[in-house]
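A.B. asks:
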Amino acid sequence: MTDYARLLEPRAITEARLIDCSVPEPDAGVGEIAWTSGEDTAIGELRIRASTHRVYKDAKGGVSTVAPELDPTRWKDEGPTNRWAWADYYESTVTTGASPLTLRVRPGVFGSIVFRALDTGSVRVQCWDAPGGALYHDQTYATDDYLTGDLMWEFYFGEPRQRTYLLIDNLPLHPAAEVLITMTSLAGAAAAGVGTVAFGLWETLGLPEFVFDADLIDRSRIEEEPVTGRMRIKRGVPAVNVSGTCVLDDVQASRVAEVIARYLGVPVAISISAAARYDYLNTFGLVSATVSAINPKQARVRLRTRGIT
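The following block contains the structure:
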């Protein structure tokens, strides 16, 4: 591999940074209903709070006069609202909306954008150096790709794979930048969706060696009914753990060790390669590593990631 392994901590997206989104809050299209004081709700009903951008499930039922975020015994946090689902760490929480789905964000300083759990036909990214300023990036990215060796046969007779991962890299740095993302649905689909959009700056970890592993984790469970003995599969949210080794000059080892230590316990995007054929080696999760001196001029990083979805 010729790319450097890297990690990126996503910029936190606050209300001040999300300028606009085509998905409303609450989103009646996905059944969201705002909580109101004095309403009589049944056990299991969901209500959202625009002030926290969270969805809550009623565990008690009856009249509620205390806001859900202040009454966690009764109201269980079920995750972000549809408008804000893309801005958390979990690609299993997906923002969906009528095509085109748009986000206008002022994320702070960033040089790269990582998309995960995409369900789109194309993604257009426009960047201005400041609100109302000069446009410095405007490109549309198709999300279909052919991965076999015989590209001519695939083009005429095969079907392209829909990429769910997209990396936009090496963007100029502008602290006051404004970004407009337009996601258009696949042909024949009315809606587009995305699980995570992460803005940030990469930290390099070394040059990856072959072999790097992607461990595909299945969190499904098999449940057995006690009376009939019938088996049921309860599907879980999958994850990808990535592990392997990188080499680097010995003078970089202390810096890489400091970077890994800084991000222990912090969800980050991991890129082993920017090439589309290595999409399966890119993940999002928690990172740890062993840094070793292997000779007087080189060090080795044994990288381990635990994917979160």
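So for the sequence shown, my numbering puts the first residue at 130; every next one is plus one. Don't be surprised by glycine CBs; every beta carbon is placed ideally from N, CA and C. From a predicted model like this one, the values you see are computed outputs, not experimental measurements.
1. Using the DSSP secondary-structure output, state which residues sit across from residue 369 in a beta bridge.
2. Taking the Cβ atom as the reference point for each residue, do residue 324 and residue 246 lie within a distance shorter than 8 angstroms?
3. Output yes or no for whether 8 angstroms exceeds the beta carbon distance between residue 200 and residue 183.
4. Tell me the DSSP secondary structure of residue 302 in three-state form.
5. Could you tell me the boundaries of the alpha helix (DSSP H) in which residue 387 lies?
6. Locate the beta strand (DSSP E) running through residue 232, then write down its first and last residues.
7. When you compare only the Cα positions, how much space is there between residue 137 and residue 411?
8. Alpha carbon to alpha carbon, how far is residue 195 from residue 373? Give it in angstroms, no decimals.
9. On the CB-based measure, 16 or more other CB atoms within 10 Å of its CB, does residue 353 come out buried or exposed?
10. Bridge partners for residue 240 per DSSP, in chain order?
11. Using only CA atoms, which one of 143, 219, 233 and 192 lies nearest to residue 149?
12. Any idea if residue 312 is buried or exposed, counting beta-carbon neighbours within 10 angstroms, 16 or more meaning buried?
13. Rounded to the nearest angstrom, how far is the Cβ of residue 211 from that of residue 161, given a contact under 8 angstroms?
14. For residue 376 and residue 341, which I take to be in contact (beta-carbon distance under 8 angstroms), what is that distance rounded to the nearest angstrom?
15. Whole angstroms are fine: how far does the CA of residue 364 sit from the CA of residue 351?
16. What number of angstroms, rounded off, separates the C-alpha of residue 256 from the C-alpha of residue 228?
17. Here's the rule: buried if 16 or more other CB atoms are within 10 angstroms of the residue's CB, otherwise exposed. What is residue 193?
18. Three or more C-beta pairs under 8 angstroms: does that hold for the region 214-225 against the region 300-308?
19. Please classify residue 135 as buried or exposed, where buried requires at least 16 other C-beta atoms within 10 Å of its C-beta.
20. Which class does residue 247 belong to by DSSP, given the choice of helix, strand or coil?
21. Given this structure, state the Cα-to-Cα distance separating residue 290 from residue 274, to the nearest angstrom.
C.D. replies: The structure says:
1. What you label residue 369 is simply residue 240 of the sequence shown in a count that begins at 1. Bridge pairing for residue 369: 345 [DSSP].
2. The residue given as residue 324 occupies position 195 in the sequence shown. The residue given as residue 246 occupies position 117 in the sequence shown. Annotated as proximal: residue 324 and residue 246, with beta-carbon spacing under 8 angstroms.
3. Taking the first residue of the sequence shown as position 1, residue 200 is located at position 71. Taking the first residue of the sequence shown as position 1, residue 183 is located at position 54. Not a contact, by the Cβ cut-off of 8 angstroms.
4. Stepping through the sequence shown from its first residue, residue 302 is reached at position 173. Looking at residue 302 - three-state DSSP - the assignment turns out to be coil, as it is neither helix nor strand.
5. Taking the sequence shown and counting its residues from 1, the one referred to as residue 387 is at position 258. Note, residue 387: alpha helix (DSSP H), 382-391.
6. By 1-based counting over the sequence shown, the position of residue 232 is 103. Where residue 232 is concerned, the enclosing beta strand (DSSP E) stretches over 230-234.
7. The sequence position of residue 137 within the sequence shown is 8, counting from 1. The sequence position of residue 411 within the sequence shown is 282, counting from 1. Their Cα atoms are separated by approximately 11 angstroms.
8. Within the sequence shown, the letter at position 244 stands for residue 373. Within the sequence shown, the letter at position 66 stands for residue 195. Taking the straight line from one Cα to the other gives about 50 angstroms.
9. For the purposes of this step, residue 353 is taken as residue 224 along the sequence shown, with counting starting at 1. It is exposed - the Cβ of residue 353 has fewer than 16 other Cβ atoms within 10 Å.
10. Numbered from 1 along the sequence shown, position 111 holds the residue referred to as residue 240. None, per the DSSP bridge assignment.
11. To locate residue 149, count along the sequence shown from 1; it is residue 20. The shortest Cα separation from residue 149 among 143, 219, 233 and 192 belongs to 233.
12. By one-based count along the sequence shown, residue 312 stands at place 183. With 16 or more other Cβ atoms from the protein chains shown falling within 10 Å of its own Cβ, residue 312 counts as buried.
13. Here residue 211 is taken as the residue at index 82 of the sequence shown, counted from 1. Here residue 161 is taken as the residue at index 32 of the sequence shown, counted from 1. At roughly 6 angstroms, the Cβ-Cβ gap stays under 8 angstroms, so residue 211 and residue 161 are in contact.
14. To locate residue 376, count along the sequence shown from 1; it is residue 247. To locate residue 341, count along the sequence shown from 1; it is residue 212. Incorrect: roughly 12 angstroms between the Cβ atoms, too far for contact.
15. Residue mapping note: residue 351 aligns to position 222 of the sequence shown, counting from 1. Residue mapping note: residue 364 aligns to position 235 of the sequence shown, counting from 1. Straight-line Cα distance between these residues: approximately 9 angstroms.
16. One-based indexing of the sequence shown puts residue 256 at position 127. One-based indexing of the sequence shown puts residue 228 at position 99. Rounded to the nearest angstrom, the two C-alpha atoms are 20 angstroms apart.
17. For the purposes of this step, residue 193 is taken as the residue at position 64 of the sequence shown. Buried: at least 16 other Cβ atoms inside 10 Å.
18. no
19. Here residue 135 refers to the residue found at position 6 of the sequence shown. Result: buried.
20. Your numbering for residue 247 matches position 118 in the sequence shown. Correct three-state label for residue 247: coil.
21. Within the sequence shown, the letter at position 161 stands for residue 290. Within the sequence shown, the letter at position 145 stands for residue 274. So the two alpha carbons sit approximately 5 angstroms from each other.
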